[in-house]
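In the working numbering, the protein residues as written are 3 to 478.
The C-beta atom is built at its ideal place from N, Cα and C for all residues, glycine as well.
Because the structure is a prediction, the values reported are computed rather than measured.
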Amino acid sequence: MHRRQLFPLSIDNNQILIFLVKYYQKVILIIDVMDAVMPLSGTALGLVGYAVIALVLLLVIWKQLYVIPTLIIAPIAGALIAGFSLEQIGSFTESGLQGVVGIVAMFAFAVWYFSLMREYGLFDPLVKRVIQGVANRPAMLTVGTVIIAMMTHLDGSGATTMLITIPAMIPLYDALDVDRKILAALVGLTAGTMNMVPWGGVVVRGVSAIDPATIANVYNPMIPAHLAGLAMVLGISYRFSLSIRDDVSGFEQTQRQQLVNKALDGREGEIDWKWGINAVLTVLVIGALISGITSPAVAFMLGLVAALVINVRDYDQQKEVLEKYAADVMTYVGILFAAGVLIGVLQESKMIEQMARILLMIIPDTLGNFLPVVLGIIAMPASLLFSPDAFYFGVLPVVAETGTQFGFSQVAMVRAAIVGQMTVGFPISPLTGATFLLIGLAEVELGEHIRFTFPYMWITSLVILAVGILTGGIPI
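Structural data, given as structure tokens:
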């Protein structure tokens, strides 16, 4: 009995070779035709650029495609439609990737460094003393909440801040019958304002998106404004403290110890020689970052090496602790490299220049002459509309290029953006997972959280903007 043949027609090697040669010739012909097409220019090129940005915003905001593939495919598709060859597109993307390498390295090693510092108790003594102080004097509850949130947000992670601060403080708020909306508002407001730290994801995105921008020229002029914002948060927390009864006896010793153990996850929280070395090391790393005596990436690389040698001497433990936080590192590394593709295509193809020219024709001079201030005013509310990736990689480059036509540097536009866009405003944005983590831990509704917290956040961002203007960080 004969077996049935799956392929009744036999194909020999010569036929396969002929097919492949013909297919290759067709591919080469298509590439030659694409190379012969003259790329678009002028208004047409600018409109393609806006189509690219619109596609990025739609895919990211509506969650049709994750941000990494979106930032890669949208600009490449736009460049092909505009008539650029694959060779040109390769050159564009290579330029963009080279531009973000330094900031990617800084961010990756900063996450590792502060995660290691948190795990080995750098912030524990302060957290312990704040909780003990609140237990003794309940009226300091809200101020203590802000102080703990500030310390725990030094690693630039909103999720970490919420996971440590809220569970530690909820028993105190419930015992004193203080509305949990206040807890959610203060933790969110503190995390948002602290998100302006130069190793935080927002500043890193802004620096990556704008070619002339560096950590030093964006953040350093905004240090007084950032400190003013943090002072404003402390002032708001003090205002809330006035409504808390201080005529209670506090908590029993056993209750106090339970609260401390929960906040520190069982660690002792004592100050010893290793804690002192870690504290000095952190001051040196941040000092090197702000002073600019070396690159931000090198500062955190050397800091991580020193932190591992001090705290984790064993080879296998070093590997384990780095792998533990590798997922957090790699997610943002992928986003930033993908953003390099978008930035490279928009800039090197001159799309961004034509987009700015179109916007320049639309914006009246009276508004354009105050563009950084206008951007700073709307930055915080814009957190409700744009995710950080959509804004900093899609909107900001166009606005920054437009600002140059009115005499403002692109770096100044980055400073205006970080006044509130996904810094102060991120903990009320429905476009970030951290917001839902915040309201979930505090057990408050999203709507009431936004209504209650929004005014305090906008006031804080306007204070940051005002001090930034007064100190020359944001021009007018």
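Whether residue i touches residue j by CB criterion (8 Å)
i: Q2; j: G44; result: The chain is shown from 3 up to 478; residue 2 falls before or after that span and cannot be answered.
i: I238; j: Y458; result: yes
i: G396; j: L49; result: no
i: A227; j: I466; result: yes
i: F393; j: M424; result: yes
i: A418; j: L387; result: no
i: H2; j: T144; result: This structure cannot settle anything about residue 2, because the visible part of the chain is limited to 3 through 478.
i: S463; j: G427; result: yes
i: L324; j: A308; result: no
i: V343; j: G98; result: yes
i: R182; j: E447; result: no
i: Y122; j: N371; result: no
i: F2; j: L338; result: The structure shown does not extend to residue 2, since the chain spans only 3 to 478, so no value can be given for it.
i: W114; j: Y317; result: no
i: I345; j: G92; result: no
i: L185; j: I246; result: no
i: L232; j: M119; result: no
i: P127; j: W275; result: no
i: V189; j: M198; result: no
Best match in the options for proximity to residue i [C-alpha to C-alpha]
i: A468; options: A230, I337, E121 and V204; result: A230
i: G203; options: Y334, N371, T95 and F454; result: Y334
i: I292; options: M224, G278 and P432; result: M224
i: E480; options: L386, L377 and P41; result: The question about residue 480 has no answer here: the residues shown for the chain are numbered 3 through 478.
i: T95; options: E350, P477 and V375; result: E350
i: S515; options: L99, I441, E322 and I172; result: Nothing in the structure corresponds to residue 515, since the chain is present only between 3 and 478.
i: Y68; options: I420, G336, L369 and D367; result: G336
i: P200; options: V287, N280, R241 and S385; result: V287
i: G194; options: V375, K276, G470 and A436; result: A436
i: I441; options: G160, T406 and R207; result: G160
i: T368; options: M332, F408 and A329; result: F408
i: N280; options: V205, K65 and V311; result: V311
i: S243; options: P127, G289 and R139; result: R139
i: F410; options: K276, I365 and I476; result: I476
i: S385; options: T406, I365, P432 and P366; result: P432
i: Y175; options: A141, V205 and R207; result: A141
i: Q61; options: R315, T406 and D391; result: Sequence inspection shows Leu at residue 61; the Gln mentioned does not correspond to that position. Nearest C-alpha to L61: D391.
Cutoff 6 Å; reference residue i; Cβ partners in own chain excluding five residues on either side
i: I452; result: I430
i: M353; result: L47 and G51
i: I55; result: G396
i: E403; result: I354 and A358
i: G146; result: V132 and V136
i: I461; result: none
i: I74; result: A340 and V343
i: V421; result: G378, A381, S463, I466 and L467
i: A290; result: T296 and A301
i: G405; result: L373 and M415
Contacts around residue i, its chain only, beta-carbon distance under 7 Å, and the 5 residues preceding and following it disregarded
i: F111; result: A299, F302, M303 and L306
i: A187; result: F454, T455 and Y458
i: L472; result: none
i: G449; result: none
i: V235; result: V148, L191, T192, T195 and T462
i: I360; result: T45 and G48
i: V2; result: No statement about residue 2 is possible, as the shown extent of the chain runs from 3 to 478 and does not include it.
i: I70; result: G336, I337 and A340
Contacting residues, own chain, Cβ-Cβ under 8 Å from residue i (five flanking each side not counted)
i: I212; result: L398, P399, A402, Q412, V413, M415 and V416
i: G80; result: V50, G51, A53, V54, L57, V347 and M353
i: A209; result: According to the sequence displayed, residue 209 carries Val and not Ala. Excluding sequence neighbours, V209 sits near I105, A215, T216, I217, V220 and V416.
i: G474; result: P223
i: L165; result: L439 and L443
i: I478; result: F372, P374, V375 and I471
i: D249; result: Residue confidence is low: D249 scores 49 on pLDDT, short of 50, so the model does not pin down where it sits. Its coordinate-derived value is still stated next. So no residue of the chain qualifies.
i: S297; result: G104 and M108
i: Y240; result: T144 and V145
i: M78; result: Note that residue 78 is Ile in the sequence shown here, rather than Met. Taken in chain order, the residues that qualify are I91, T95, V343 and V347.
Any C-beta of chain D under 8 Å from that of residue i
i: A215; result: Reference to chain D is not applicable here, since this structure consists of a single protein chain.
### Task
Only counting runs of 4 or more residues, tell me where the alpha helix (DSSP H) segments fall wholly within the region 159–228, in order along the chain.
160–177, 182–196, 203–211 and 217–221
### Query
What are the complete alpha helix (DSSP H) segments, minimum 4 residues, inside the region 307–390?
Those alpha helix (DSSP H) runs which fall completely within the region 307–390 and span 4+ residues are 317–326, 328–350, 353–364, 367–370 and 373–381.
#### Entry: Ranges of the beta strand (DSSP E) found wholly within the region 117–152, counting only runs of at least 3
Listed in chain order, there is nothing to give.
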